[in-house]
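Below is one structure, written out as structure tokens; the observations come after it.
In UniProt numbering, the protein residues as written are 1 to 184.
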């Protein structure tokens with residue numbers, strides 16, 4: 001709504017300015033989500049590669065974190081295919097509620113993957129402390145002589161942080177998509 005100020009010119013009310021800003025932001029949200037989708041996919045692939053490096057370095061003891069990374073990556077690809085290809089190629093099969101449900105399950109899968117990574121990092125920290133307390137310095141050096149051990153531990157920590165960031169990112173896109181759905 002417009003009002004006339006003392007000079008006779010039109011001025012907008014603060015409420016209408018806020019409403020206009022909200023409407024502009026609401027129109028931008030689908031664009032911002034669309035920009036974030038490739039980032040989510042790249043983060044998923046990077047996490048998969050980091051977990052693969054850890055399994056390659058330490059062997060099969062850490063295969064469950066790699067398996068959860070594979071599941072998360074595959075589920076992310078499935079979500080991306082559904083939300084990108086289905087509306088364009090087969091619009092009758094696209095349903096917003098299915099989109100939200102798939103996005104929610106993707107968030108759950110990423111939170112589970114994050115929990116696996118956090119558990120592995122905590123296990124490494126606890127094992128390092130226990131080994132240092134029990135063994136002699138020569139025995140500790142022998143145990144720590146696995147080639148690439150430090151880089152593999154750093155890779156797992158990086159995968160942990162990235163999977164946490166990806167979980168937060170999926171949460172934000174889920175909320176954004178639901179809000180955009182409610183507004184339309």
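Think of the CB as a built atom: it goes at the ideal place given N, C-alpha and C, for glycine as much as any other residue.
Reduced DSSP secondary structure (H/G/I, E/B, other) of residue i
i, result
"residue 136", "coil"
"residue 55", "helix"
"residue 95", "coil"
"residue 148", "coil"
"residue 90", "coil"
Distance CB(residue i)-CB(residue j) smaller than 8 Å
i, j, result
"residue 45", "residue 73", "yes"
"residue 113", "residue 163", "yes"
"residue 187", "residue 103", "Since the first and last residues shown for the chain are 1 and 184, residue 187 lies out of range."
"residue 54", "residue 156", "yes"
"residue 83", "residue 99", "yes"
"residue 194", "residue 63", "In this structure the chain extends from 1 to 184, so residue 194 is not present and cannot be described."
"residue 111", "residue 167", "yes"
"residue 174", "residue 107", "yes"
Cβ-based burial, residue i [other Cβ within 10 Å; buried from 16]
i, result
"residue 78", "exposed"
"residue 95", "exposed"
"residue 48", "buried"
"residue 40", "buried"
"residue 109", "buried"
"residue 51", "buried"
"residue 153", "buried"
Closer than 8 Å to chain D by CB, residue i
i, result
"residue 59", "As a matter of chain content, chain D is missing from the structure shown, which is built from one protein chain."
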